[in-house]
Structures are given as C-alpha cells and as structure tokens.
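Letter 112 of the sequence shown, counting from 1, is numbered 901 in our numbering, and no numbers are missing.
C-beta atoms are modelled at their ideal positions from N, C-alpha and C, and glycine is treated no differently.
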Amino acid sequence: MSNESVEIKYESGSISYSDLKNKVTVPEYQRDIVWTDKAKSDFIDALAKGFPFGSLLLYQVNGSDVNVKDKNNEYSIIDGLQRYSTMREFEDDPGSFWQGNSSEKMLKEFLRVFQEYNKQVGESWTSKSEEDVKTWYAGLVKNNKRANVNIKSYKGFLPTKVGVSQDDRDDAVAKIQDLITALDNKINSFIDLNTLKIPVIYFLGSSDELADVFSGLNKSGTRLSKYQVFTAAWSHEKFKLDNNDDTNKIISSIIDRFERMKSDRGNIKITNFNIREFKEARLINLAQFAYGLGKLIVENSPALLQGTEGDDLYNEVGFGTLGIITGTPSNKLSHIIEKIDDISKNHVQIINEVLSIVNEINAEFDPLTKKRIKYLNSENRKEFETGLSSKLKFLSYIASIWKIKHRKNDESRLTKDAEITNTIKNLPIYYVIDFLRRTWSGSGDSRLNSYYTTGAEPRSYTKKPSEDQIMAAFNSYAENEDPSIRFTAKTKALTTIFANLSYPKCFQPANSYDFEHIIAASYLKDEYQDHGIKGAGIGNAVLLDTELNKIKQTKDLYETASYKIKPGQNRGRKLDTIRIATKKAKELVSDSGRLDEMMYPSEMELEEAYKQMGQGDFTVVKKIIDDRTRKVCNRFVKLLFEM
790 MSNESVEIKY
800 ESGSISYSDL
810 KNKVTVPEYQ
820 RDIVWTDKAK
830 SDFIDALAKG
840 FPFGSLLLYQ
850 VNGSDVNVKD
860 KNNEYSIIDG
870 LQRYSTMREF
880 EDDPGSFWQG
890 NSSEKMLKEF
900 LRVFQEYNKQ
910 VGESWTSKSE
920 EDVKTWYAGL
930 VKNNKRANVN
940 IKSYKGFLPT
950 KVGVSQDDRD
960 DAVAKIQDLI
970 TALDNKINSF
980 IDLNTLKIPV
990 IYFLGSSDEL
1000 ADVFSGLNKS
1010 GTRLSKYQVF
1020 TAAWSHEKFK
1030 LDNNDDTNKI
1040 ISSIIDRFER
1050 MKSDRGNIKI
1060 TNFNIREFKE
1070 ARLINLAQFA
1080 YGLGKLIVEN
1090 SPALLQGTEG
1100 DDLYNEVGFG
1110 TLGIITGTPS
1120 NKLSHIIEKI
1130 DDISKNHVQI
1140 INEVLSIVNE
1150 INAEFDPLTK
1160 KRIKYLNSEN
1170 RKEFETGLSS
1180 KLKFLSYIAS
1190 IWKIKHRKND
1200 ESRLTKDAEI
1210 TNTIKNLPIY
1220 YVIDFLRRTW
1230 SGSGDSRLNS
1240 YYTTGAEPRS
1250 YTKKPSEDQI
1260 MAAFNSYAEN
1270 EDPSIRFTAK
1280 TKALTTIFAN
1290 LSYPKCFQPA
1300 NSYDFEHIIA
1310 ASYLKDEYQD
1320 HGIKGAGIGN
1330 AVLLDTELNK
1340 IKQTKDLYET
1350 ASYKIKPGQN
1360 RGRKLDTIRI
1370 ATKKAKELVS
1380 DSGRLDEMMY
1390 PSEMELEEAY
1400 KQMGQGDFTV
1410 VKKIIDDRTR
1420 KVCNRFVKLL
1430 FEM
C-alpha cells in the first residue's frame, strides 16, 4: 500500500443564502433543471423542518489564488443547481410551497369568519359557498401581493342585508383583513432564507478536472450524458467562427439554447455568456460547435431524423460527426479536444462537406419516407415516416461517405465520386434490411466505429446486397412478426416506403393518405392473439385516401365502392363526403392495375373471409394476411434491388 499522501482538492464550509445569491453563477454546461414539482416541494419541506440537505459544490471563477474566505470571490455552481434554483423559486413565490397543516388551519379560520357572518345576517351557507371560499383562498396563498388584497376580492362572501348594521359588516371585514395579514406573515416566515446556512464544498482543483468531478458526483442520481461532461471539460477551449449563413445558424442555435436555459433557470446567471458580446466575438467552444453542427445536420436530414428529441439528438449527431471527421472512435469522443486546432482551422470546410453529404443522403430518402399528406398552409412542407432510423445508423452513412472522400490513395476524384454515388444509391436497401436483420440493435459504438476507424478497409455500403440476401432478411422478418392490431412506427415506415415504391401512381398531390387495415382491426381485436393473426403487420397495412377512410370504417374498398346512401343522408356535408368516398373507391376497384400495385386482396377472397369469420373461423383471414405479407415482401425485394 502506498504511503504517498493524497492531495485533498476540496474544502467544506457553509454560506448564507444572500451571500450565495450575490456570488454564484451557473456554468453553461450544467444540465437543464430536472426536478419535479414534488421533489421541489419535498426539498422546501425539509428546509422548513430544519433537516440537513446535500452540499452545493462551488468552484472559484475569478482571481488566480483560491481563497474560500475571501468574500469578494465569485463562484460557479458545479453541483447542486436544482437545490439552489428551488431556493430561488421559493424566494420568488413562497406561497406555492406553503401547504400542509398550517395552510389547513388558516383556511378553517377564514371559513369560520365567513360562515359566522352569513349565519348572523340570516344568509344560507352551502357547500358551494365553501368551495368558492376555498378557491379564493388558494389564489390568495399564491398571490405574492396578498397583503394588499382588499374587501373587493371577497365582498361577495359578506352579503349586505336590510337590518344588518354596518358595524357588524365592518367587524367581519376587519377580521378577514387581520387573517390576510396573519397569512402573509406566516407564508413569509415559513422559511427565513436570510438565516439559512447552506452547506458547501469548495473544489480547489483545476477547471480541467470539473467534468470528472461532476460525472462522479452524479453517478447515483440523474446521470449526465457524456456530451454534458465533454461540455464541462471543454468550456474554456474556444475558436472564432467564420461569418457565413451556416455559421450564423450555429451562432443562432447556441443563443436560442442559452435563452431556453436562462428561462428554465429564472434569473440565475449563467457564467461567461453575454449575447451581444457572443454575436460580435463569434468565439465558441468545441462543445458548442458540436451542438450547432448537430442541429444543422438534423435540420437538413428530415427524411431520416426527427428533431423532436431536441438537444440530446443535436449533441449525439454533432459529437458523433466530429468523431468521424477526426477519426476518433465513438467510444473515445473525449479525445476530440486534441484535434481542436484542426477543427478550428478547417471548420468552414467541415461544415460545407458534411452538409453536402447530408443533403445527398436526404435527397435519396426523401421520395421513400415522405408521408402522403396535403398541407393547407404550406406547399413546401413535408413530413416523413422515420421509424426505421437510429442515430448511429444515420451516422454510419456519413462515416462511409466521408471515409471514401478522404481516403488517401492514388484514386482519381472521378473514381471516388462514382463510388460515393453508388454508396448513396445503396443506402435505402441497407436502411431497410439492417432494420429487418436488427443489425443496429445493441451493437452501439463498436459497429459505428467499424465504418471509419478499423484499418485500411472499414465496413462500407459500397457493395450492393444480393437479391437473395434481401429476400432472406424479409422472410426472417415476416416469420418473426408478432400478432398485433395496432400499427407501430416501424410498420408505418415500412408501409410508407413500400407504398412510395410500389403504388406511387395511386397518390394524388392534392390528397392526404392514412394507414388503414385491409381487414378492419375491429374484426380482429378479440381474436388476433389466439389465432396468431398479424393484423397490424405489412400484410394488412395499406395507405388509402383520407376521404375514403371517412366512411370506410370496417368496410373494405369493394364495400365502400358499393355503399348505398341511406334515408336521411340526402343533404349537406355528409352526403358530399359519401359521394366523394364512393367515387374514389369505385375508381380504385375498377383499376386492376392499381389494385395489383397495392397488392390488395380480391373481392372474392375478402367475402369468403367475412363469411368464415361470421362462423368463428379465422383461418381464411390469417391466410389472406400471411399470403399478402409474402407478396409484399417479394415485391418489396424486387423494387429495392432495382433501385
């Protein structure tokens, strides 16, 4: 065992709330506030009871000498933001936290005075009267200006009546005003923050160690993502962005994120971030660049990525892309900082090249994953079914193309461009079969690394899979589909790609289309499990005109086409809807070519299925869906292979 003494890099102490508020700032890398209302309430309750609570970890941010006794020092909160922000929230609105027995006792006092007065003047006191007072009282508790509330807010609870003296009413008003004053005093003295001693730990180490400290402290709580840890470690490494449209978007995205964080944290100051100075200086750290680059990539990849995940998605894509560019394995992204000089010097070229790759990829997928929806407000708006996507899978596409572009050999640019074109053309095939094979499930960083870090010949998408390989993937998927009746995001994505490949002529630009069960889910909901029916699989899914679906319900296309208008349906919008739907259904069923492209079962097959279902036999239904699954798979394979 070593006898060397360990250097202690912290010192404990306490600080008053007022001193803390005046001295503390919040580093930009701190995670967004994540405490629930209950967690905040529990913390304030613990303070009110005088219970101990966890220390705040502070780091001195001004001056060269660490001196925890110097009252002029300014500190950054490294850990404990939720505790501090909850105290700030309590200071701004103590009434929101004041509850329990004390609040119930005060409410009873208010009710007693109102009830006694109403009884005195001969006015009935009902359960509604009591509920009205409770509602008024709840608002009073949350009103920070409750001390200024006057009779106008509650005069309805003190009715005037002939024969009632003004003295009696004045007496009741005085009692209520006294209670309001007492309530205000109780709430404001619930916790005296000015006398609160807050336990703190001052970290005395270097700023380079903050990420490790922060990560270690939060291992048992709400875990930091590795990207938040990198942000902590790299906050001091900055470079200047060039001035162009794309870099301006990065600047804007960082400012927008800052504004969100500032809003979430109330009036808590965030260290070293002044918007005006930031815009002028254009100095950003590597983590901010990764975030902004990720946001740019996501916004240019709607056919594959949905931006609803927000900051987490932007970070993962941005950091992952920088890993690809620098040749840094995705499980060792902390080493990207070692390449900051190269990134800084070439950041404009990096952005341009990455977005060029991303735009080419997105253009290949746009016609495949595009939803068939009519948008009333924007002709250029698009939405996509991205249920087969994953972030690492997407990053592997960038990696594969980047690797070809930057491969150091004697190949001509034309040769590389041809290989890139071929790779991009193959991506939709791999996109589908990698999902069918579950290639990216559980493979994590190691598989992504294999596209850009493993030797001279990394994994790539340059070679087109054989038709047999594609067929084997589809057959395995079809055999292992679970019985179901609710469409999943994955089934919707597969159905969308198949529809866009197989029956695009069925889609009219002015119309919208919905996912529909060929054999209605209502027929199957009580039977699909027992009979192993894949009612929400690709064998029973089809995209149909929204107007058709308005009257289709449990009907198939043939039944919709032959729908007869019932008595009472002879006027108004309902009649127009029926006429439009039946007309469109007739057009479809009379066009055998389009029905074949949709792989839609014959009228005779469906009639037999309904007949057998009526007798409790679901054999025919299962056969129709299983047969169509095989047909869809076969057609899907050919269409993909021929792309």
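Closer than 6 Å by C-beta to ILE1209: which residues in its own chain qualify, once you throw out the five before and the five after it? Chain order, please.
Taking the sequence shown and counting its residues from 1, the one referred to as residue 1209 is at position 420. ILE1190, ILE1193, listed in sequence order.
According to DSSP, is ASN939 helix, strand or coil?
As a position in the sequence shown, residue 939 is number 150, starting the count at 1. In this structure, ASN939 counts as coil in the three-state DSSP scheme.
Could you pull the start and end residues of the alpha helix (DSSP H) that SER1381 belongs to?
Within the sequence shown, numbered from 1, the residue matching residue 1381 stands at position 592. Here the alpha helix (DSSP H) through SER1381 covers 1381-1387.
Suppose contacts are defined by Cβ-Cβ distances below 7 Å. Is LEU900 in contact with VAL922 by that definition?
Locating residue 900 in the sequence shown gives position 111, counting from the first residue. Locating residue 922 in the sequence shown gives position 133, counting from the first residue. For LEU900 and VAL922, yes; Cβs fall inside 7 Å.
Between SER1042 and the rest of its own chain, which residues show a CB-CB distance below 6 Å, the 5 nearest in sequence each way excluded?
Residue mapping note: residue 1042 aligns to position 253 of the sequence shown, counting from 1. Only GLY1081, LYS1084 meet the Cβ criterion.
Look at the Cβ atom of LEU968, then the Cβ atom of GLU898, and state whether they are nearer than 7 Å.
By one-based count along the sequence shown, residue 968 stands at place 179. By one-based count along the sequence shown, residue 898 stands at place 109. A contact, by the Cβ cut-off of 7 Å.
Using only the alpha-carbon positions, how far apart do VAL857 and ILE797 sit?
In the sequence shown, the residue the question calls residue 857 occupies position 68. In the sequence shown, the residue the question calls residue 797 occupies position 8. In this prediction, VAL857 has a pLDDT of 49, which is less than 50 and means its spatial position is unreliable; nothing more can be read from the coordinates.
From ILE1436 to GLU1392, what distance separates their C-alpha atoms?
The chain is shown only over 790 to 1432; residue 1436 falls outside these bounds and no answer can be derived.
Indicate the three-state DSSP secondary structure (helix, strand or coil) for GLY852 in the structure shown.
By one-based count along the sequence shown, residue 852 stands at place 63. For GLY852, the pLDDT reaches just 48, beneath the cut-off of 50, and the residue's location in the model is therefore unreliable, although a value from the coordinates is still provided. DSSP, reduced to helix, strand and coil, places GLY852 outside both helices and strands of the structure shown, so it counts as coil.
Does the Cβ of MET895 have 16 or more other Cβ atoms within 10 Å, making it buried, or fewer, making it exposed?
For this step, residue 895 is matched to residue 106 along the sequence shown. MET895 comes out buried.
Grouping DSSP H, G and I as helix and E and B as strand, with all else coil, what is THR970?
For this step, residue 970 is matched to residue 181 along the sequence shown. THR970 carries a helical assignment under DSSP once its states are collapsed to helix, strand and coil.
7 Å Cβ cutoff met for ILE990 and LEU836:
As a first step, residue 990 is located in the sequence shown; it is residue number 201 there, counting from the start. As a first step, residue 836 is located in the sequence shown; it is residue number 47 there, counting from the start. No, these two residues do not count as a Cβ contact at 7 Å.
Report the residue from LYS1323, ASP1365, LYS1294 whose alpha carbon sits nearest the alpha carbon of LEU1313.
Taking the first residue of the sequence shown as position 1, residue 1313 is located at position 524. Closest in C-alpha terms to LEU1313, from the list LYS1323, ASP1365, LYS1294, comes LYS1323.
Below 7 Å between beta carbons: does that hold for LYS1373 and ASP1334?
Indexing the sequence shown from 1 puts residue 1373 at position 584. Indexing the sequence shown from 1 puts residue 1334 at position 545. At the C-beta level, LYS1373 and ASP1334 come within 7 Å of one another.
CB of SER1291 within 7 Å of CB of THR1343, strictly
By one-based count along the sequence shown, residue 1291 stands at place 502. By one-based count along the sequence shown, residue 1343 stands at place 554. SER1291 places its beta carbon 7 Å or farther from that of THR1343.
For GLU1136, count the other beta carbons within 10 Å of its own beta carbon; 16 or more makes it buried, fewer makes it exposed. Which is it?
Your numbering for residue 1136 matches position 347 in the sequence shown. Checking the sequence shown, residue 1136 turns out to be His, not Glu. Flag for HIS1136 reads buried.
ALA1267 by DSSP, collapsed to three states: which one?
To locate residue 1267, count along the sequence shown from 1; it is residue 478. Under the three-state reduction of DSSP, ALA1267 is assigned to helix.
Between the CA atoms of PRO1217 and ASN1151 - distance to the nearest angstrom:
Residue 1151 sits at position 362 when you count from the first residue of the sequence shown. Residue 1217 sits at position 428 when you count from the first residue of the sequence shown. Using only the alpha carbons, I get a separation of about 11 Å.
For TYR1108, collect the residues of the same chain with a Cβ closer than 6 Å to its Cβ; drop the 5 residues on either side in sequence, then sort them by chain order.
Along the sequence shown, one-based indexing puts residue 1108 at 319. Position check: residue 1108 holds Phe in this sequence, whereas Tyr was assumed. Result list for PHE1108: TYR1016, ALA1079, LEU1122, in chain order.
In the DSSP assignment, what are the bridge partners of PHE1173?
Taking the first residue of the sequence shown as 1, we reach residue 1173 at position 384. Here PHE1173 is bridged, per DSSP, to LYS1159.
Tell me the residue span of the beta strand (DSSP E) that contains THR1332.
As a position in the sequence shown, residue 1332 is number 543, starting the count at 1. One detail in the question is off: residue 1332 reads as Leu in this sequence, not Thr. LEU1332 -> beta strand (DSSP E) spans 1330-1334.
If I measure Cβ to Cβ from LYS1375 and keep anything under 8 Å in the same chain, skipping five residues before and after, which residues do I get?
Residue numbering aside, residue 1375 sits at position 586 when the sequence shown is read from its first letter. Result list for LYS1375: ALA1350, in chain order.
So, for SER844: in the same chain, excluding its five sequence neighbours on each side, which residues have a beta-carbon less than 6 Å away from its beta-carbon?
The sequence position of residue 844 within the sequence shown is 55, counting from 1. Cβ-Cβ distances below 6 Å link SER844 to PRO988, VAL989, ILE990 in the same chain, with the five nearest sequence neighbours on each side left out; the list follows chain order.
Count the other C-beta atoms from every protein chain shown that fall within 10 angstroms of the C-beta of GLU1305, then say buried if there are 16 or more, exposed otherwise.
Along the sequence shown, one-based indexing puts residue 1305 at 516. Buried.
Helix, strand or coil, according to DSSP, for VAL795 in the structure here?
Counted from its first residue, the sequence shown places residue 795 at position 6. Shown here, VAL795 sits in coil according to DSSP, grouped into three states, outside any helix or strand.
Give the single residue among LYS1411, GLU800, SER1185 whose Cα lies nearest to the Cα of GLY1321.
Within the sequence shown, residue 1321 is the residue found at index 532, counting from 1. It is LYS1411.
Could you have a look at SER801 and say whether DSSP puts it in helix, strand or coil?
Taking the sequence shown and counting its residues from 1, the one referred to as residue 801 is at position 12. In the three-state reduction of the DSSP assignment, SER801 falls in the strand class, which pools E and B.
Can you tell me where the alpha helix (DSSP H) holding HIS1306 begins and where it ends?
The residue you call residue 1306 lines up with position 517 of the sequence shown. Looking at the DSSP string, HIS1306 is not in any alpha helix (DSSP H); the run it does join, the beta strand (DSSP E), is 1302-1306.
Is it true that the CB of ILE1132 sits closer than 7 Å to the CB of VAL1106?
Within the sequence shown, the letter at position 317 stands for residue 1106. Within the sequence shown, the letter at position 343 stands for residue 1132. No; because the gap between Cβ atoms is not below 7 Å, this pair is not in contact.
When burial is assigned at 16 or more other CB atoms within 10 Å of the CB, is LEU1072 buried or exposed?
Stepping through the sequence shown from its first residue, residue 1072 is reached at position 283. Label assigned to LEU1072: exposed.
Report the option in TYR1266, ILE1222, MET1388 whose CA atom is closest to the CA atom of GLU1256.
Reading the sequence shown from its first residue, position 467 is the one you call residue 1256. If we check each option's Cα against that of GLU1256, ILE1222 comes out closest.
Counting beta carbon pairs with one atom in the region 1291-1300 and one in the region 1270-1283, are three or more of them shorter than 8 Å?
Two segments are said to touch when three or more pairs of C-beta atoms, one from each, lie closer than 8 Å; by this definition the region 1270-1283 does not touch the region 1291-1300.
Beta carbon of PHE1173, beta carbon of LYS1159: below 7 Å?
Within the sequence shown, residue 1173 is the residue found at index 384, counting from 1. Within the sequence shown, residue 1159 is the residue found at index 370, counting from 1. Contact: yes.
Name the residue from LYS1400, THR1418, LEU1283 whose alpha carbon lies nearest to the alpha carbon of MET1388.
Position 599 of the sequence shown holds residue 1388. The residue with the shortest Cα to Cα distance from MET1388 is THR1418.
From which residue to which residue does the alpha helix (DSSP H) around PHE1276 run?
Position 487 of the sequence shown, counting from 1, holds the residue named residue 1276. From DSSP, PHE1276 is part of no alpha helix (DSSP H); its letter is neither H nor E.
What's the C-alpha gap between GLU1431 and LEU1225?
Stepping through the sequence shown from its first residue, residue 1431 is reached at position 642. Stepping through the sequence shown from its first residue, residue 1225 is reached at position 436. Per the coordinates, the alpha-carbon of GLU1431 lies some 19 Å from the alpha-carbon of LEU1225.
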